[in-house]
Amino acid sequence: MQGKTGVTDTIIDIDCVTKRYGSHTVLKDLCFSVRPGEKLALIGPSGSGKTTILRTLMTLETIESGTIRIDGEHLFQMERNGRLVPADEAHLHRMRTKIGMVFQLFNLFPHKCVLENVTLAPMLTKGVKKADAERRAMELLDLVGLADKARAMPVQLSGGQKQRVAIARALALQPKIMLFDEVTSALDPELVEEVLNVMRMLGSTTDMTMLLVTHEMSFAHDFADRVLFFDRGRIVEEGPPDVLFTNPSHERTQAFLKKIIAAGQRI
Amino acid sequence: MEWDWEFVREIMPTLLDGLRITLLATLLGSILAAAAGLGFALLRRSKSRPVARTTGVVVEFIRGTPLLVQLYFLFYVLPELGLLLSPLTAGVVGLGLHYATYTSEVFRAGIDNTPRGQWEAAKACNLTPYQTWRHVILPQAIPPMIPALANYFVAMFKETPLLSAITVIELMSEARSVANSNYRYLEPMTLVGVLFLCISLIAVPALHMLERRFRPTR
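Just so you know, the sequences run in chain order U and H. The first sequence begins at 1 in the working numbering and counts up by one. The second sequence begins at 268 in the working numbering and counts up by one.
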C-alpha cells in the first residue's frame, strides 16, 4: 500500500510526513495513499492537521521529513544525476499541473471578472489562446450553473456563486487531483447545498481524484469512498463511510461524532 | 513699494517658461519616484537577505539626508567621479530617488495589504512568481495606493525650487534672475507663490477625484 516498489496503483503516496510550525507539530509521521479516482474525506477537530495536508499537497507548505509522491513522482524532491535533491521551482511548477485546489475563502481574483478568473491560468500557464480559453471557461461556468454571470465581478456574487466560480477556475487547468479545503465553511447555510451539488456532479461525472476536508458529515458520508479521521496530526481511524460514521471503533472518533451530532448535524 | 502691473506683464512670459520646466521636472520626477519606489519595495521583499538588507540601507540613507545635499552631490560631486549630468537630469534623478524612498513605503504597505489568499490562489493556479506579481498582486495593490502616491507628487512639486540651487532654470530661478536684474522682488516672488498655488489648487480636487475613484471596494 505504501507504494515503495515504484509502480503502484496509487496516485498520492504520503509516507511518514512530519510538519512543524515552530515547536508545534502539525503532522506526525503521517502515512496514507490514495487510489486514482478515489473520493477521500478528511474529517476531525480543527487543528488536527487535515487542512495542512491539503495545503502541503498544493505546495503551499513544506514538510520537515517524509516523502510525498504524486503519480509516482516525488513532490518536494527530484532526481539529478541519480540522486534525490530538493525540488526546484520548475519541478514544483510541473507537479502543480496535476493538482487543483478550492479554498475556504474562495480567493477569487477581485479585479478580474468571472470569465477572466477562469481563463487567466490556462492562458498564462498553458498558452491557451484567448478564444479557446473563453470557450472552455463558458463550458465550465455552464457546468457550475453560472454561465449568465460570466461578465460579473466577484464582489457582485453570493458566497455560493463565488465558490462555484472558484471550482470552475480550478477545473480549467484540468487537474488529476482536486483538493477541497472546507469549501462550504464560510457560506451562509442556505448557500451550502448549491456548492455541494456541484461537487456531487463532479464526483459522479468525472474520474478525478478528490480530497475534501469538510465539516459536512452527511455529505462526506454520501460522497466519499473512504473517510480518514484526523486528530492531533495523526490518522486515528479510517474506513468506508458506512463503517466509520455508524460504527467507529476508536473512542476519539466516537467522541468527535457524538459532538457533531449534539451540535445538530445529521450523519 | 507699489504693485506694478506693467512689470508683471513684462516678466510673465519668462516666469511661464520657468513654470514649464518646473512642471516637466515634477512629471519626470514623479515617474521616476513611482518606478524606483516600486523597485525598492520589491527589492526589500527579496528572498535574498543581502539584497533586501542593502536596499533597506540605501533607502534609509537617501531618506535620512536632505534633498538639497543630494542635489549638490549629483550635480557638483558626481562630475568629479566622471559622471556629468545636465542640471535637469540631476534634478529629476535627485527628486525621483528622494521621493522613491517615500513611495516605496506606500508600495510596501499596499503589497502587504493584499490578502495571503491571493498569493495562494495564484500558486494553486500554477502562475509563476512574475505572473503572480504582474496579473494578481500589483493590479490589486496599486489602485488603492494612487491617492497616497499623488500626495507625494504634489509635495515634490512644491520642492522643485530647490532645483534652482543646481542651476535648473525653473520657475524660482527665473523669478530670482528677473528680480535681481530689476531690483524688484515684490512682483516676481508674489507671482511664483500664486503660480504654485494655482497648480496646487488644481491638484487638490484632482486628488479627491482619484480618492473617490480608487476607494477600496473590499
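Heads up, the beta-carbon is just placed ideally off N, CA and C, and yes, glycines get one too. If you're wondering where the values come from, they're calculated on a predicted model, not measured in any experiment.
Going by beta carbons, Leu-120 of chain U and Lys-129 of chain U fall outside the 8 Å limit. Beta-carbon to beta-carbon, Thr-18 of chain U and Glu-64 of chain U are separated by about 5 Å, close enough to satisfy the 8 Å threshold. The Cβ-Cβ distance between Leu-115 of chain U and Ala-137 of chain U falls below 8 Å. Closest by C-alpha distance to Gly-331 of chain H, out of H:Arg-311, H:Leu-348, H:Leu-364, is H:Leu-364. Of all residues in the region 317-345 of chain H, none is placed with a Cβ closer than 8 Å to any Cβ belonging to chain U.
Scanning its chain for C-beta atoms nearer than 7 Å, with the 5 sequence neighbours on each side dropped, one finds around Ile-466 of chain H the residues Phe-424, in chain order.
One Cα belongs to Arg-312 of chain H, the other to Ala-319 of chain H, and the distance between them is close to 6 Å. Taking a beta-carbon distance threshold of 8 Å, Glu-441 of chain H does not count as an interface residue toward chain U.
Residue pairing by DSSP places Arg-83 of chain U opposite U:Arg-80 in a beta bridge. Contact annotation, Leu-54 of chain U with Ala-186 of chain U: C-beta distance approximately 16 Å; criterion of less than 8 Å not satisfied. H:Leu-291 is the residue among H:Ala-389, H:Leu-291, H:Ala-303 whose C-alpha sits nearest the C-alpha of Leu-355 of chain H. Looking at the DSSP output, Phe-32 of chain U bridges to U:Ile-14. Taking the C-beta atoms as reference points, Leu-295 of chain H is found no nearer than 8 Å to Leu-462 of chain H. Closest option to Phe-230 of chain U, judged by alpha-carbon separation, among U:Asp-222, U:Leu-171, U:Gln-254: U:Gln-254. Sixteen is the threshold: when 16 or more other Cβ atoms of the shown chains lie within 10 Å of the Cβ of His-402 of chain H, as they do, the residue is buried.
Relative to the Cα of Lys-98 of chain U, the nearest Cα in the group U:Leu-42, U:Met-178, U:Phe-76 belongs to U:Met-178. For the region 106-128 of chain U, the set of residues with a beta-carbon nearer than 7 Å to any beta-carbon of chain H comprises Asn-107, Phe-109, Pro-110, His-111, Leu-120, Ala-121, Leu-124, Thr-125, in chain order. Residues of chain U whose Cβ lies closer than 7 Å to the Cβ of Gly-384 of chain H are, in chain order, Phe-103, Leu-105, Asn-107.
Contact note: Arg-96 of chain U reaches chain H through Lys-390, Ala-391, Asn-393, using a C-beta cutoff of 8 Å and chain order. When the beta-carbon positions are compared, Val-236 of chain U and Ala-166 of chain U stay at least 8 Å from each other. Residue nearest to Ile-70 of chain U within the set U:Phe-32, U:Leu-157, U:Gly-127, U:Lys-162 is U:Phe-32 (criterion: CA-CA distance). At a cut-off of 8 Å between C-beta atoms, Met-58 of chain U counts as an interface residue with respect to chain H. Looking only at U:Leu-75, U:Ala-170, U:Asn-117, the smallest Cα-Cα distance to Gly-100 of chain U is reached by U:Ala-170.
Cβ neighbours of Trp-270 of chain H within its own chain (closer than 6 Å, five residues either side excluded): none. Annotation for Lys-162 of chain U: no beta strand (DSSP E) segment contains it, though the alpha helix (DSSP H) segment containing it runs 159-171. In this structure the region 447-459 of chain H does not lie against the region 293-309 of chain H, because fewer than three pairs of beta carbons, one per stretch, are closer than 8 Å. When CB distances to chain U are screened at a threshold of 7 Å, the residues of the region 400-433 of chain H falling below it are His-402, Val-403, Pro-406, Gln-407, in chain order. Proximity of chain U to Glu-387 of chain H at the Cβ level (cut-off 9 Å) is accounted for by Arg-55, Met-58, Leu-60, Met-101, Phe-103, Asn-107, in chain order. Interface annotation for the region 173-184 of chain U against chain H: Leu-173, criterion Cβ-Cβ distance under 8 Å. The beta carbon of His-74 of chain U does not come within 8 Å of any beta carbon belonging to chain H, so the residue lies off that interface. Membership of Gly-66 of chain U in the beta strand (DSSP E) is indicated by the continuous run 65-70. Among the residues facing chain H, His-93 of chain U is included, as its CB has a counterpart in that chain under 8 Å away. For the 8 Å CB-CB criterion, Leu-338 of chain H and Gly-361 of chain H form a contact. If you draw a straight line from the Cα of Arg-234 of chain U to the Cα of Gln-265 of chain U, it comes to about 24 Å. According to the DSSP assignment, Glu-134 of chain U belongs to the alpha helix (DSSP H) that extends over 130-143. Annotation: Met-58 of chain U is outside any beta strand (DSSP E) and is labelled neither H nor E by DSSP.
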